[in-house]
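Everything on this sheet refers to the single structure shown next.
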Amino acid sequence: MKTNLQFFAEDRTNMVSLLDIGTLIGSTAKIVEMGEGYKEITEDWGPNTESTQYVNMKNANNTVKGYEFSTTPERDYMSDDMQTAIDTMFKMFPTGKQCETYYYRYYKTDITKNTGDCIRVPVTVCPSSTGGSGGDTLTSSIQINGNGAVELGTITIAGDGTFTWAAKTSGTSGK
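The sequence shown: position 67 = 86 (this note's numbering), numbered continuously.
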């Protein structure tokens, strides 16, 4: 008996990126989806590796020492809370602690009954570029850089579309 197994790749909408704009421009957490206006969000995890090869080895040994997360998403200018946060950054040009917040990411395939696994990354966010060519749409880019260790937690999506993240209790990391 011959079985024809077909595997299909998930489309880009399976990955959901979130940013806490509340702590970025205020003091109360407000996690919002980075969806509308963004044509591409690609996470670069920049693994920091160290290679060692001794004289008696044919091949090197590699060790992963850490990761350096970064992304520079570009967004069409939209009238919403995310754009208000971006506009505020382009007016204030924050530095230091004013740039610190959290980036979150989950996959829709991990969500059951409005809850599921989600990572949280402490980040710094700063304005990167704004403008565009004549006749094009106005765009803004922000630079997001990792600023600490990634945490695995649980995201809960409320009926009104708000997001709540909670750290996993110890012993449930899946390792």
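Here a beta-carbon is modelled for each residue, glycine too, at the ideal position from N, C-alpha and C. It should be emphasised that the depicted structure is a prediction, and the values quoted were computed from it without experimental measurement.
| Query | Result |
| --- | --- |
| Along the beta strand (DSSP E) that carries Ala186, what are the first and last residues, could you check? | Phe182 to Ala186 |
| Ignore the nearest five residues each way along the sequence and tell me which others in Asn133's own chain have a CB closer than 7 Å to its CB. | Thr175 and Ile176 |
| Check for me: the beta strand (DSSP E) holding Thr218 runs from which residue to which? | The structure shown does not extend to residue 218, since the chain is modelled only from 20 through 194, so no value can be given for it. |
| Look at Lys84 and Glu69 and say whether their C-beta atoms are less than 8 Å apart. | yes |
| DSSP has Asp39 in a bridge; who is on the other side? | Ile50 |
| Taking just the CA atoms, how far does Thr82 sit from Val74? | 18 Å |
| Count the other CB atoms, across all protein chains shown, that sit within 10 Å of the CB of Leu157; report buried if there are 16 or more and exposed otherwise. | exposed |
| Go through its chain and collect everything with a Cβ distance to Ser159's Cβ below 6 Å, but skip five positions before and after it. | Arg94, Ile105 and Thr149 |
| Around the Cβ of Tyr126, are there at least 16 other Cβ atoms within 10 angstroms (buried) or fewer (exposed)? | exposed |
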